[in-house]
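Going left to right, the sequence shown walks through residues 23 to 258 as the working numbering numbers them.
Ideal Cβ positions, reconstructed from N, Cα and C, are used throughout, including at glycine.
Since the structure is predicted, the reported quantities are computational estimates derived from the model, not experimental observations.
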Amino acid sequence: MGLYLIIMGVQGAGKGVQAARLTAHYGIPHISTGDLFRAMKSREDELAVRVQTIMKSGQLVPDEVTNEILQDRLQQADAQAGALLDGYPRNQAQAQWLDQYLAERGEALTAVLLLELDLYTAFKRAFGRVTSSSGASYNIYFNNEGIEWHFEEHPEQLYPPRLVATEKATGEVLKRRPDDADAAAVIKRIDTFERDTRPLIEYYENRGLLHRVNANQSIEAVTQDLQNAILKAQKA
Ligand code: AMP
23 MGLYLIIMGV QGAGKGVQAA RLTAHYGIPH ISTGDLFRAM KSREDELAVR
73 VQTIMKSGQL VPDEVTNEIL QDRLQQADAQ AGALLDGYPR NQAQAQWLDQ
123 YLAERGEALT AVLLLELDLY TAFKRAFGRV TSSSGASYNI YFNNEGIEWH
173 FEEHPEQLYP PRLVATEKAT GEVLKRRPDD ADAAAVIKRI DTFERDTRPL
223 IEYYENRGLL HRVNANQSIE AVTQDLQNAI LKAQKA
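The following block contains the structure:
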């Protein structure tokens with residue numbers, strides 16, 4: 023049996039970091055449907071253009087298209103011993119499609135890993151995040167020793183105060199992702215996650231596949247808890 027995992031977590035829960043660590047450890051690919059769709063940007067065929075339009079509007083890509091693209095990816099050579107799915111499933115129909123797809127191949131989901139983080143911390147992790155051009159990541163609330171930061175008032179107070187952060191070691195002015203800088207957009211993403219994933223959490227919990235891990239710990243501690251959960255699931 024392969025190792026088929028789903029990782030879920032609100033933005034800021036550390037899904038990206040943990041996914042990278044798990045896939046390196048278990049030798050399975052990290053399959054993010056959002057990344058697969060973004061990779062279609064360079065294509066100009068009708069399907070790729072349709073997907074780009076849908077993504078820009080913030081809506082979900084239709085299930086048939088999503089399932090087909092996922093199936094293609096799961097059939098590639100590197101995914102034959104399993105995969106870590108991220109951003110999929112987004113609804114119950116996709117969850118059922120995945121169950122059936124795996125069952126037809128004599129496979130089954132091993133575990134669904136839920137990175138749990140209180141929403142207030144999730145907000146601060148996204149809203150306070152700044153990065154340097156070399157890829158160093160800081161946070162004004164949690165990881166601020168290497169930076170100087172303040173909020174700058176707009177001269178006519180037409181816009182909310184702007185965060186200005188510089189890296190102490192280099193003097194570089196640090197960047198913020200535009201969607202992190204907008205408090206309302208951060209809250210909207212958190213709300214969307216809550217709304218869309220709650221039914222899935224229930225779906226997988228009822229089937230005994232859900233493993234909750236506290237994401238409000240060090241990166242290493244979270245990875246350890248995830249690995250313990252996977253071990254437990256493999257034994258079940
Ligand atoms: P993400 O990077 O996971 O936030 O995905 C970015 C965008 O890709 C989403 O807003 C959707 O438009 C689309 N997308 C990603 N995964 C799925 C999915 N499982 N089902 C439908 N649409 C998806």
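Is it right to say residue i is buried, meaning 16 or more other beta carbons lie within 10 angstroms of its own, or is it exposed?
{"i": "residue 61", "result": "exposed"}
{"i": "residue 180", "result": "exposed"}
{"i": "residue 302", "result": "Given that the chain is displayed from residue 23 to residue 258, the structure contains no residue 302 and the question cannot be resolved."}
{"i": "residue 39", "result": "exposed"}
{"i": "residue 195", "result": "exposed"}
{"i": "residue 154", "result": "buried"}
{"i": "residue 107", "result": "buried"}
{"i": "residue 69", "result": "exposed"}
{"i": "residue 229", "result": "exposed"}
{"i": "residue 34", "result": "buried"}
Whole-angstrom Cβ separation of residue i and residue j, contact assumed at under 8 Å?
{"i": "residue 30", "j": "residue 219", "result": "6 Å"}
{"i": "residue 134", "j": "residue 253", "result": "That pair is no contact at about 15 Å."}
{"i": "residue 55", "j": "residue 109", "result": "5 Å"}
{"i": "residue 137", "j": "residue 237", "result": "4 Å"}
{"i": "residue 25", "j": "residue 111", "result": "Not a contact, Cβ separation roughly 18 Å."}
{"i": "residue 184", "j": "residue 161", "result": "Incorrect: roughly 17 Å between the Cβ atoms, too far for contact."}
{"i": "residue 248", "j": "residue 132", "result": "Contact doesn't hold; Cβ gap of about 12 Å is too wide."}
{"i": "residue 142", "j": "residue 93", "result": "The pair is not a contact, with the Cβ atoms about 38 Å apart (cut-off 8 Å)."}
Return yes when at least one heavy atom of ligand 1 lies under 7 Å from the C-beta of residue i, else no.
{"i": "residue 88", "result": "yes"}
_Whole alpha helix (DSSP H) elements within the segment 60-127, 4-residue minimum_ = Runs of alpha helix (DSSP H) with 4 or more residues, each lying fully within the segment 60-127, are found at 68-78, 85-96, 114-126, listed in chain order.
*Can you list the alpha helix (DSSP H) stretches of 4 or more residues lying completely in the segment 191-245, in chain order?*
200-203, 205-228
*Starting from the N-terminal end, write out each residue whose C-beta falls within a distance shorter than 5 Å of any non-hydrogen atom of ligand 1.*
55, 56, 59, 77, 82, 83, 88, 109, 110, 112
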